[in-house]
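Comments concern the structure below.
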(Lines of atoms letter the chains of each structure in order from A and count residues from 1; the text may use other names and numbers.)
(Lines give C-alpha, C1' and ligand atoms only; values in the text may rest on other atoms or scores of the structure.)
Protein backbone atom coordinates (compact mmCIF):
# COMPACT_ATOMS: atom_id res chain seq x y z
CA UNK A 1 0.00 0.00 0.00
CA UNK A 2 1.12 3.55 -0.65
CA UNK A 3 1.69 6.50 1.68
CA UNK A 4 -0.67 8.27 4.05
CA UNK A 5 -3.99 9.73 3.00
CA UNK A 6 -4.16 13.47 2.52
CA UNK A 7 -7.87 13.90 3.23
CA UNK A 8 -9.03 16.79 5.38
CA UNK A 9 -8.84 15.92 9.10
CA UNK A 10 -11.68 13.96 10.61
CA UNK A 11 -14.42 14.65 8.10
CA UNK A 12 -15.88 11.13 8.56
CA UNK A 13 -17.44 9.54 11.64
CA UNK A 14 -15.46 6.31 11.45
CA UNK A 15 -12.44 4.92 9.62
CA UNK A 16 -11.50 1.26 9.66
CA UNK A 17 -8.77 -1.08 8.47
CA UNK A 18 -9.92 -4.60 7.65
CA UNK A 19 -7.25 -7.22 8.27
CA UNK A 20 -8.52 -9.19 5.29
CA UNK A 21 -10.85 -8.42 2.42
CA UNK A 22 -13.87 -10.47 3.46
CA UNK A 23 -13.73 -8.92 6.91
CA UNK A 24 -13.56 -5.49 5.30
CA UNK A 25 -16.73 -6.05 3.28
CA UNK A 26 -18.43 -7.39 6.42
CA UNK A 27 -17.78 -4.05 8.14
CA UNK A 28 -18.81 -2.16 5.01
CA UNK A 29 -22.12 -4.01 4.91
CA UNK A 30 -22.93 -3.15 8.54
CA UNK A 31 -22.39 0.54 7.83
CA UNK A 32 -24.25 0.64 4.51
CA UNK A 33 -27.12 -1.32 6.01
CA UNK A 34 -27.48 1.38 8.66
CA UNK A 35 -27.86 4.02 5.96
CA UNK A 36 -24.35 5.45 6.13
CA UNK A 37 -22.49 6.59 3.04
CA UNK A 38 -19.30 4.56 2.93
CA UNK A 39 -16.70 3.13 0.59
CA UNK A 40 -13.93 0.58 0.96
CA UNK A 41 -10.59 1.51 -0.60
CA UNK A 42 -7.62 -0.67 -1.50
CA UNK A 43 -5.13 2.16 -0.93
CA UNK A 44 -5.31 5.12 1.48
CA UNK A 45 -7.63 7.47 -0.42
CA UNK A 46 -6.23 10.68 -1.83
CA UNK A 47 -8.41 13.81 -2.01
CA UNK A 48 -9.38 13.17 -5.61
CA UNK A 49 -10.50 9.64 -4.74
CA UNK A 50 -12.72 10.92 -1.94
CA UNK A 51 -14.25 13.64 -4.08
CA UNK A 52 -15.42 11.06 -6.60
CA UNK A 53 -17.61 9.46 -3.91
CA UNK A 54 -18.97 12.66 -2.40
CA UNK A 55 -19.17 13.18 1.33
CA UNK A 56 -18.67 9.89 3.17
CA UNK A 57 -19.74 9.00 6.70
CA UNK A 58 -17.25 6.14 6.94
CA UNK A 59 -14.10 5.15 5.09
CA UNK A 60 -12.61 1.67 5.02
CA UNK A 61 -9.22 0.37 3.97
CA UNK A 62 -8.98 -3.27 2.93
CA UNK A 63 -5.72 -4.81 4.09
CA UNK A 64 -4.16 -8.19 4.77
CA UNK A 65 -2.91 -7.84 8.33
CA UNK A 66 -4.36 -11.23 9.16
CA UNK A 67 -1.68 -12.84 6.98
CA UNK A 68 1.21 -10.64 8.20
CA UNK A 69 4.02 -11.61 10.53
CA UNK A 70 4.74 -9.23 13.44
CA UNK A 71 7.74 -7.82 11.55
CA UNK A 72 5.58 -7.16 8.49
CA UNK A 73 3.01 -5.44 10.70
CA UNK A 74 5.70 -3.23 12.22
CA UNK A 75 6.62 -2.00 8.76
CA UNK A 76 3.21 -1.76 7.09
CA UNK A 77 0.69 -0.69 9.72
CA UNK A 78 1.99 2.56 11.30
CA UNK A 79 1.51 4.81 8.21
CA UNK A 80 -1.88 3.25 7.48
CA UNK A 81 -3.16 3.79 11.01
CA UNK A 82 -1.85 7.37 10.93
CA UNK A 83 -3.68 7.96 7.65
CA UNK A 84 -6.96 6.69 9.08
CA UNK A 85 -6.53 8.78 12.23
CA UNK A 86 -6.49 11.88 10.00
CA UNK A 87 -9.87 10.92 8.58
CA UNK A 88 -12.06 10.16 11.61
CA UNK A 89 -12.11 10.42 15.42
CA UNK A 90 -12.67 6.66 15.75
CA UNK A 91 -10.23 4.27 14.07
CA UNK A 92 -11.19 0.60 14.04
CA UNK A 93 -8.80 -2.28 13.37
CA UNK A 94 -11.32 -4.81 12.12
CA UNK A 95 -10.47 -8.47 12.83
CA UNK A 96 -12.28 -11.69 12.03
CA UNK A 97 -15.27 -12.28 14.31
CA UNK A 98 -13.70 -15.55 15.44
CA UNK A 99 -10.49 -13.71 16.51
CA UNK A 100 -8.34 -16.48 15.04
CA UNK A 101 -4.76 -15.24 15.15
CA UNK A 102 -1.40 -16.33 16.52
CA UNK A 103 1.88 -14.88 17.80
CA UNK A 104 3.54 -15.53 14.43
CA UNK A 105 0.75 -14.43 12.05
CA UNK A 106 -2.12 -11.96 12.26
CA UNK A 107 -1.14 -11.02 15.82
CA UNK A 108 -3.87 -8.91 17.39
CA UNK A 109 -1.61 -8.27 20.36
CA UNK A 110 1.07 -6.79 18.12
CA UNK A 111 -1.53 -4.55 16.47
CA UNK A 112 -2.46 -3.10 19.87
CA UNK A 113 1.21 -2.46 20.66
CA UNK A 114 1.74 -0.76 17.29
CA UNK A 115 -1.35 1.44 17.66
CA UNK A 116 -0.45 2.53 21.19
CA UNK A 117 3.06 3.42 20.04
CA UNK A 118 2.05 5.05 16.72
CA UNK A 119 -1.12 6.90 17.68
CA UNK A 120 -0.29 7.57 21.31
CA UNK A 121 -3.62 6.14 22.41
CA UNK A 122 -4.44 4.91 25.89
CA UNK A 123 -6.29 1.74 26.74
CA UNK A 124 -7.59 0.02 23.60
CA UNK A 125 -11.21 -1.23 23.71
CA UNK A 126 -11.77 -4.69 22.23
CA UNK A 127 -15.27 -5.47 20.94
CA UNK A 128 -15.83 -9.16 20.15
CA UNK A 129 -19.56 -9.89 20.37
CA UNK A 130 -21.77 -9.57 17.29
CA UNK A 131 -25.13 -11.36 17.65
CA UNK A 132 -25.98 -10.57 14.02
CA UNK A 133 -23.27 -13.06 13.02
CA UNK A 134 -23.84 -15.46 15.90
CA UNK A 135 -20.83 -14.24 17.91
CA UNK A 136 -21.11 -13.72 21.67
CA UNK A 137 -18.58 -12.53 24.26
CA UNK A 138 -19.49 -13.53 27.84
CA UNK A 139 -17.17 -12.54 30.67
CA UNK A 140 -14.31 -12.40 28.23
CA UNK A 141 -14.95 -15.77 26.58
CA UNK A 142 -15.86 -15.95 22.90
CA UNK A 143 -18.65 -18.15 21.54
CA UNK A 144 -19.56 -18.60 17.87
CA UNK A 145 -22.34 -20.26 15.92
CA UNK A 146 -21.20 -22.88 13.43
CA UNK A 147 -22.48 -22.63 9.89
CA UNK A 148 -22.42 -26.41 9.57
CA UNK A 149 -25.00 -27.28 12.23
CA UNK A 150 -26.29 -23.94 13.56
CA UNK A 151 -25.14 -24.63 17.12
CA UNK A 152 -23.23 -22.13 19.25
CA UNK A 153 -19.86 -23.35 20.54
CA UNK A 154 -17.20 -21.92 22.79
CA UNK A 155 -14.56 -20.92 20.27
CA UNK A 156 -12.00 -23.49 21.45
CA UNK A 157 -14.61 -26.21 20.87
CA UNK A 158 -15.93 -24.85 17.59
CA UNK A 159 -15.88 -27.66 15.00
CA UNK A 160 -14.23 -25.46 12.37
CA UNK A 161 -12.18 -22.89 14.26
CA UNK A 162 -10.46 -25.32 16.63
CA UNK A 163 -8.97 -27.07 13.56
CA UNK A 164 -8.21 -23.98 11.47
CA UNK A 165 -5.20 -24.96 9.29
CA UNK A 166 -3.12 -21.85 10.13
CA UNK A 167 -4.54 -20.25 13.30
CA UNK A 168 -6.47 -22.89 15.26
CA UNK A 169 -8.34 -21.46 18.25
CA UNK A 170 -7.46 -23.39 21.40
CA UNK A 171 -8.36 -20.68 23.94
CA UNK A 172 -11.75 -19.02 24.46
CA UNK A 173 -10.63 -16.38 26.99
CA UNK A 174 -9.69 -13.57 24.62
CA UNK A 175 -7.49 -11.82 27.17
CA UNK A 176 -5.43 -14.99 27.56
CA UNK A 177 -5.44 -15.56 23.79
CA UNK A 178 -4.23 -12.04 22.93
CA UNK A 179 -1.77 -11.90 25.85
CA UNK A 180 0.03 -14.86 24.26
CA UNK A 181 0.74 -12.53 21.35
CA UNK A 182 1.87 -9.49 23.36
CA UNK A 183 2.47 -8.85 27.09
CA UNK A 184 -0.54 -6.56 27.60
CA UNK A 185 -2.40 -5.72 30.80
CA UNK A 186 -6.12 -6.46 30.43
CA UNK A 187 -9.29 -5.34 32.17
CA UNK A 188 -12.93 -5.83 31.21
CA UNK A 189 -16.41 -4.37 31.00
CA UNK A 190 -18.71 -7.36 31.54
CA UNK A 191 -22.29 -8.28 30.76
CA UNK A 192 -23.16 -7.57 34.38
CA UNK A 193 -21.79 -4.03 34.01
CA UNK A 194 -23.72 -3.42 30.79
CA UNK A 195 -26.97 -4.84 32.20
CA UNK A 196 -26.83 -2.46 35.16
CA UNK A 197 -27.09 0.53 32.85
CA UNK A 198 -25.00 3.43 31.53
CA UNK A 199 -23.66 4.60 34.89
CA UNK A 200 -22.43 1.11 35.81
CA UNK A 201 -20.83 0.64 32.37
CA UNK A 202 -19.05 3.99 32.64
CA UNK A 203 -17.90 3.15 36.16
CA UNK A 204 -16.51 -0.18 34.93
CA UNK A 205 -14.69 1.62 32.13
CA UNK A 206 -13.15 4.13 34.55
CA UNK A 207 -12.17 1.32 36.91
CA UNK A 208 -10.44 -0.47 34.04
CA UNK A 209 -8.44 2.64 33.21
CA UNK A 210 -7.48 3.09 36.86
CA UNK A 211 -5.87 -0.36 36.86
CA UNK A 212 -3.47 0.82 34.16
CA UNK A 213 -4.97 -1.58 31.62
CA UNK A 214 -3.59 -1.35 28.09
CA UNK A 215 -6.58 -3.20 26.60
CA UNK A 216 -10.19 -3.39 27.79
CA UNK A 217 -12.26 -6.36 26.65
CA UNK A 218 -15.95 -5.41 26.38
CA UNK A 219 -18.62 -8.13 26.47
CA UNK A 220 -21.73 -8.28 24.26
CA UNK A 221 -24.34 -10.99 23.85
CA UNK A 222 -27.37 -9.08 22.54
CA UNK A 223 -28.21 -6.09 20.31
CA UNK A 224 -29.06 -4.13 23.46
CA UNK A 225 -25.57 -4.79 24.81
CA UNK A 226 -24.04 -3.53 21.57
CA UNK A 227 -26.11 -0.35 21.65
CA UNK A 228 -24.76 0.35 25.13
CA UNK A 229 -21.23 -0.41 23.91
CA UNK A 230 -21.76 2.10 21.09
CA UNK A 231 -22.90 4.75 23.58
CA UNK A 232 -19.89 4.11 25.80
CA UNK A 233 -17.35 4.27 22.98
CA UNK A 234 -18.91 7.32 21.33
CA UNK A 235 -18.68 9.14 24.65
CA UNK A 236 -14.98 8.27 24.90
CA UNK A 237 -14.35 9.45 21.33
CA UNK A 238 -15.82 12.84 22.19
CA UNK A 239 -13.13 13.24 24.85
CA UNK A 240 -10.19 12.14 22.69
CA UNK A 241 -9.64 10.16 19.45
CA UNK A 242 -10.22 6.46 19.93
CA UNK A 243 -8.55 3.34 18.52
CA UNK A 244 -10.64 0.17 18.78
CA UNK A 245 -9.93 -3.47 17.93
CA UNK A 246 -12.79 -5.82 17.17
CA UNK A 247 -15.16 -7.51 14.79
CA UNK A 248 -17.95 -5.79 12.86
CA UNK A 249 -19.73 -5.78 16.20
CA UNK A 250 -18.10 -2.34 16.54
CA UNK A 251 -19.97 -1.13 13.43
CA UNK A 252 -23.24 -2.51 14.76
CA UNK A 253 -22.59 -0.96 18.18
CA UNK A 254 -21.96 2.54 16.83
CA UNK A 255 -24.72 2.56 14.21
CA UNK A 256 -27.27 1.24 16.71
CA UNK A 257 -26.34 3.97 19.17
CA UNK A 258 -26.37 6.66 16.48
CA UNK A 259 -29.83 5.52 15.42
CA UNK A 260 -31.10 5.33 19.01
CA UNK A 261 -29.78 8.82 19.77
CA UNK A 262 -31.17 10.39 16.60
CA UNK A 263 -27.85 10.48 14.74
CA UNK A 264 -28.80 7.86 12.15
CA UNK A 265 -27.29 7.49 8.69
CA UNK A 266 -27.71 10.24 6.15
CA UNK A 267 -29.43 7.85 3.77
CA UNK A 268 -32.19 7.56 6.34
CA UNK A 269 -32.50 3.82 6.61
CA UNK A 270 -31.17 0.39 5.81
CA UNK A 271 -32.53 0.01 2.28
CA UNK A 272 -30.15 -1.93 0.05
CA UNK A 273 -30.92 -3.54 -3.26
CA UNK A 274 -31.76 -7.20 -3.59
CA UNK A 275 -29.48 -9.67 -5.34
CA UNK A 276 -30.68 -10.09 -8.92
CA UNK A 277 -29.92 -13.21 -10.94
CA UNK A 278 -27.20 -13.13 -13.58
CA UNK A 279 -26.61 -15.51 -16.48
CA UNK A 280 -23.06 -16.45 -15.55
CA UNK A 281 -20.60 -16.17 -12.68
CA UNK A 282 -17.01 -17.09 -12.03
CA UNK A 283 -16.61 -18.72 -8.60
CA UNK A 284 -13.17 -19.23 -7.04
CA UNK A 285 -12.56 -20.83 -3.63
CA UNK A 286 -9.32 -21.06 -1.68
CA UNK A 287 -11.13 -21.88 1.56
CA UNK A 288 -10.71 -25.22 3.31
CA UNK A 289 -13.50 -24.78 5.86
CA UNK A 290 -16.19 -27.39 6.32
CA UNK A 291 -18.85 -24.76 5.66
CA UNK A 292 -17.30 -23.81 2.34
CA UNK A 293 -17.26 -27.50 1.45
CA UNK A 294 -21.05 -27.61 1.96
CA UNK A 295 -21.40 -24.47 -0.16
CA UNK A 296 -19.32 -25.96 -2.96
CA UNK A 297 -21.43 -29.12 -2.91
CA UNK A 298 -24.66 -27.12 -3.05
CA UNK A 299 -23.29 -24.86 -5.78
CA UNK A 300 -22.38 -27.83 -7.96
CA UNK A 301 -25.82 -29.34 -7.38
CA UNK A 302 -27.34 -26.03 -8.52
CA UNK A 303 -25.46 -26.16 -11.83
CA UNK A 304 -22.01 -24.67 -11.30
CA UNK A 305 -19.33 -26.63 -13.15
CA UNK A 306 -16.52 -28.09 -11.04
CA UNK A 307 -12.91 -27.21 -11.86
CA UNK A 308 -10.81 -28.90 -9.19
CA UNK A 309 -7.42 -27.26 -8.66
CA UNK A 310 -4.54 -29.40 -7.41
CA UNK A 311 -2.94 -27.21 -4.77
CA UNK A 312 0.51 -28.79 -4.90
CA UNK A 313 0.75 -28.21 -8.66
CA UNK A 314 0.37 -24.46 -8.10
CA UNK A 315 3.49 -24.40 -5.92
CA UNK A 316 5.89 -25.64 -8.60
CA UNK A 317 7.27 -22.50 -10.25
CA UNK A 318 8.53 -24.40 -13.28
CA UNK A 319 5.24 -26.18 -13.90
CA UNK A 320 2.99 -23.23 -13.02
CA UNK A 321 2.76 -21.61 -16.51
CA UNK A 322 1.47 -24.84 -18.06
CA UNK A 323 -0.85 -25.53 -15.13
CA UNK A 324 -2.22 -21.98 -15.32
CA UNK A 325 -2.85 -22.25 -19.05
CA UNK A 326 -4.69 -25.56 -18.63
CA UNK A 327 -6.91 -24.17 -15.87
CA UNK A 328 -7.63 -20.95 -17.75
CA UNK A 329 -8.51 -22.96 -20.86
CA UNK A 330 -10.84 -25.21 -18.85
CA UNK A 331 -12.62 -22.32 -17.14
CA UNK A 332 -13.01 -20.24 -20.31
CA UNK A 333 -14.33 -23.27 -22.19
CA UNK A 334 -17.04 -23.66 -19.54
CA UNK A 335 -17.91 -19.98 -19.87
CA UNK A 336 -17.98 -20.25 -23.69
CA UNK A 337 -20.59 -22.97 -23.30
CA UNK A 338 -22.79 -20.53 -21.38
CA UNK A 339 -22.16 -22.22 -18.05
CA UNK A 340 -20.42 -21.06 -14.86
CA UNK A 341 -17.20 -22.60 -13.47
CA UNK A 342 -16.39 -23.09 -9.78
CA UNK A 343 -12.66 -23.45 -9.16
CA UNK A 344 -11.62 -24.80 -5.76
CA UNK A 345 -8.44 -25.96 -4.03
CA UNK A 346 -10.16 -27.94 -1.26
CA UNK A 347 -13.52 -29.38 -0.26
CA UNK A 348 -13.16 -29.22 3.50
CA UNK A 349 -10.23 -29.48 5.94
CA UNK A 350 -9.68 -33.19 5.24
CA UNK A 351 -9.27 -32.79 1.49
CA UNK A 352 -6.06 -34.72 0.58
CA UNK A 353 -4.98 -31.89 -1.71
CA UNK A 354 -4.08 -29.85 1.38
CA UNK A 355 -1.90 -32.66 2.71
CA UNK A 356 -0.09 -33.02 -0.61
CA UNK A 357 0.61 -29.29 -0.68
CA UNK A 358 2.03 -29.31 2.87
CA UNK A 359 4.09 -32.44 2.15
CA UNK A 360 5.61 -30.80 -0.92
CA UNK A 361 6.72 -27.76 1.07
CA UNK A 362 8.00 -29.84 3.99
CA UNK A 363 10.02 -31.90 1.51
CA UNK A 364 11.52 -28.61 0.30
CA UNK A 365 12.70 -27.82 3.83
CA UNK A 366 9.81 -25.94 5.52
CA UNK A 367 8.42 -26.83 8.91
CA UNK A 368 4.78 -28.01 8.88
CA UNK A 369 3.57 -24.68 10.34
CA UNK A 370 5.61 -22.67 7.87
CA UNK A 371 4.39 -24.92 5.05
CA UNK A 372 0.75 -24.20 5.88
CA UNK A 373 1.34 -20.46 6.13
CA UNK A 374 3.50 -20.17 3.03
CA UNK A 375 1.30 -22.59 1.10
CA UNK A 376 -1.82 -20.60 1.91
CA UNK A 377 -0.23 -17.36 0.75
CA UNK A 378 1.09 -18.85 -2.46
CA UNK A 379 -2.24 -20.49 -3.23
CA UNK A 380 -3.94 -17.12 -2.86
CA UNK A 381 -1.41 -15.50 -5.18
CA UNK A 382 -1.82 -18.22 -7.80
CA UNK A 383 -5.61 -18.06 -7.61
CA UNK A 384 -5.44 -14.28 -8.01
CA UNK A 385 -3.29 -14.60 -11.11
CA UNK A 386 -5.55 -17.32 -12.43
CA UNK A 387 -8.72 -15.29 -11.86
CA UNK A 388 -7.36 -12.26 -13.68
CA UNK A 389 -6.20 -14.39 -16.60
CA UNK A 390 -9.67 -15.95 -16.94
CA UNK A 391 -11.40 -12.56 -16.82
CA UNK A 392 -9.04 -11.17 -19.46
CA UNK A 393 -10.35 -13.82 -21.85
CA UNK A 394 -13.99 -14.07 -20.77
CA UNK A 395 -15.91 -11.32 -19.00
CA UNK A 396 -18.61 -12.18 -16.46
CA UNK A 397 -20.91 -9.78 -14.61
CA UNK A 398 -20.30 -11.30 -11.18
CA UNK A 399 -17.33 -12.81 -9.36
CA UNK A 400 -17.79 -15.07 -6.32
CA UNK A 401 -14.82 -15.55 -3.99
CA UNK A 402 -14.43 -17.79 -0.92
CA UNK A 403 -11.55 -17.47 1.53
CA UNK A 404 -10.06 -14.40 3.19
CA UNK A 405 -6.58 -14.56 1.64
CA UNK A 406 -8.03 -15.54 -1.74
CA UNK A 407 -10.45 -12.60 -1.72
CA UNK A 408 -7.75 -10.11 -0.69
CA UNK A 409 -5.26 -11.21 -3.31
CA UNK A 410 -7.80 -11.47 -6.13
CA UNK A 411 -9.00 -7.95 -5.43
CA UNK A 412 -5.42 -6.69 -5.41
CA UNK A 413 -4.83 -8.41 -8.76
CA UNK A 414 -7.95 -6.82 -10.28
CA UNK A 415 -7.07 -3.46 -8.78
CA UNK A 416 -10.35 -1.57 -8.31
CA UNK A 417 -10.06 1.78 -6.58
CA UNK A 418 -12.89 1.07 -4.15
CA UNK A 419 -15.92 -1.08 -3.37
CA UNK A 420 -19.41 -0.15 -2.27
CA UNK A 421 -22.26 -2.41 -1.15
CA UNK A 422 -24.71 -3.21 -3.94
CA UNK A 423 -27.04 -5.60 -2.09
CA UNK A 424 -27.41 -7.77 0.96
CA UNK A 425 -26.59 -11.38 0.18
CA UNK A 426 -25.66 -13.07 3.45
CA UNK A 427 -24.77 -11.55 6.83
CA UNK A 428 -21.12 -10.60 6.74
CA UNK A 429 -20.80 -11.29 3.01
CA UNK A 430 -22.59 -8.68 0.89
CA UNK A 431 -22.67 -8.28 -2.87
CA UNK A 432 -20.34 -5.41 -3.75
CA UNK A 433 -19.75 -3.19 -6.76
CA UNK A 434 -16.22 -2.43 -7.94
CA UNK A 435 -15.28 1.16 -8.82
CA UNK A 436 -12.33 2.56 -10.74
CA UNK A 437 -9.13 0.81 -11.66
CA UNK A 438 -8.80 -0.61 -15.16
CA UNK A 439 -11.68 -1.66 -17.39
CA UNK A 440 -11.42 -5.26 -16.21
CA UNK A 441 -12.64 -4.39 -12.73
CA UNK A 442 -14.78 -1.27 -13.05
CA UNK A 443 -18.49 -1.99 -12.81
CA UNK A 444 -18.15 -5.67 -11.97
CA UNK A 445 -19.99 -7.11 -8.99
CA UNK A 446 -18.26 -9.34 -6.46
CA UNK A 447 -19.39 -11.41 -3.49
CA UNK A 448 -16.58 -12.18 -1.05
CA UNK A 449 -16.97 -14.57 1.86
CA UNK A 450 -14.76 -15.84 4.62
CA UNK A 451 -14.71 -19.51 5.53
CA UNK A 452 -17.37 -19.10 8.24
CA UNK A 453 -19.80 -16.88 6.33
CA UNK A 454 -22.95 -17.68 4.40
CA UNK A 455 -25.42 -20.52 4.34
CA UNK A 456 -24.98 -23.74 2.39
CA UNK A 457 -26.73 -22.12 -0.61
CA UNK A 458 -24.36 -19.13 -0.74
CA UNK A 459 -23.09 -19.73 -4.28
CA UNK A 460 -26.55 -20.47 -5.63
CA UNK A 461 -28.02 -17.32 -4.06
CA UNK A 462 -25.15 -15.22 -5.36
CA UNK A 463 -25.77 -16.58 -8.86
CA UNK A 464 -29.52 -17.13 -9.10
CA UNK A 465 -30.52 -14.16 -6.97
CA UNK A 466 -31.83 -13.71 -3.45
CA UNK A 467 -34.16 -11.46 -1.50
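Residue numbers (the numbering used here): 6 to 472. Ideal placement from N, C-alpha and C gives every residue a C-beta, glycine not left out.
Here residue 347 is near residue 304, since their CB atoms are less than 8 angstroms apart. As a beta-bridge residue in DSSP terms, residue 406 pairs with 289, 453. DSSP lists 23 as the bridge partner or partners of residue 67. Residue 464 carries a helical assignment under DSSP once its states are collapsed to helix, strand and coil. In this chain, the beta strand (DSSP E) harbouring residue 129 covers 129-132.
Ranked by Cα distance from residue 162, the options 170, 171, 150 are led by 150.
Taking residue 351 as reference, the option from 315, 365, 457, 171 with the minimal CA-CA separation is 315.
In this structure, the alpha-carbon of residue 328 lies about 28 angstroms from that of residue 284.
In the three-state reduction of the DSSP assignment, residue 178 falls in the strand class, which pools E and B. Two segments are said to touch when three or more pairs of C-beta atoms, one from each, lie closer than 8 angstroms; by this definition the segment 53-72 touches the segment 17-34.
The C-alpha of residue 237 is placed about 31 angstroms away from the C-alpha of residue 409. Between the segment 86-105 and the segment 137-152, the count of C-beta pairs closer than 8 angstroms reaches three or more; the two stretches touch. DSSP places residue 311 in the uninterrupted beta strand (DSSP E) bounded by 310-313. Taking 8 angstroms as the cut-off, the Cβ atoms of residue 417 and residue 36 do not count as close. Beta bridge pairing from DSSP links residue 440 with 423. Nearest neighbour of residue 265 by Cα position, chosen from 229, 465, 388, turns out to be 229.
A check of alpha carbon separations from residue 413 across 345, 394, 381, 77 identifies 381 as the nearest.
In its chain, beyond the 5 residues on either side, 283, 286, 450 have a beta carbon closer than 6 angstroms to the beta carbon of residue 403. Counting only unbroken stretches of 4 or more residues, the alpha helix (DSSP H) elements lying wholly within the segment 302-348 are 316-320, 325-341, in sequence order. In terms of CA proximity to residue 130, 210 leads the group 185, 196, 210.
Three or more Cβ pairs closer than 8 angstroms define a contact, and the segment 71-90 meets that threshold against the segment 123-143. For a cut-off of 8 angstroms, the C-beta gap from residue 428 to residue 435 is around 7 angstroms, short enough to register as a contact.
Taking the Cα positions, residue 296 is about 8 angstroms away from residue 165. The alpha-carbon of residue 321 is positioned some 47 angstroms away from that of residue 18. Under the three-state reduction of DSSP output, residue 228 falls in the helix class. Of the other Cβ atoms in all chains shown, fewer than 16 fall within 10 Å of the Cβ of residue 60; this residue is therefore exposed. Per DSSP, residue 223 is one residue of the beta strand (DSSP E) stretching across 220-223. CA-to-CA, the gap between residue 133 and residue 215 works out to about 22 angstroms. Going by beta carbons, residue 79 and residue 117 fall outside the 8 angstroms limit. In this structure, residue 213 lies near residue 192, with their beta-carbon atoms less than 8 angstroms apart. For residue 257, no pairing in a beta bridge is given by DSSP. Taken through DSSP and simplified to helix, strand or coil, residue 121 comes out as helix. Boundaries of the beta strand (DSSP E) harbouring residue 95: 95-99, taken from the DSSP string. The alpha-carbon of residue 353 is positioned some 10 angstroms away from that of residue 302. For residue 149, the uninterrupted beta strand (DSSP E) segment begins and ends at 146-150. Nearest neighbour of residue 34 by Cα position, chosen from 466, 470, 454, turns out to be 454.
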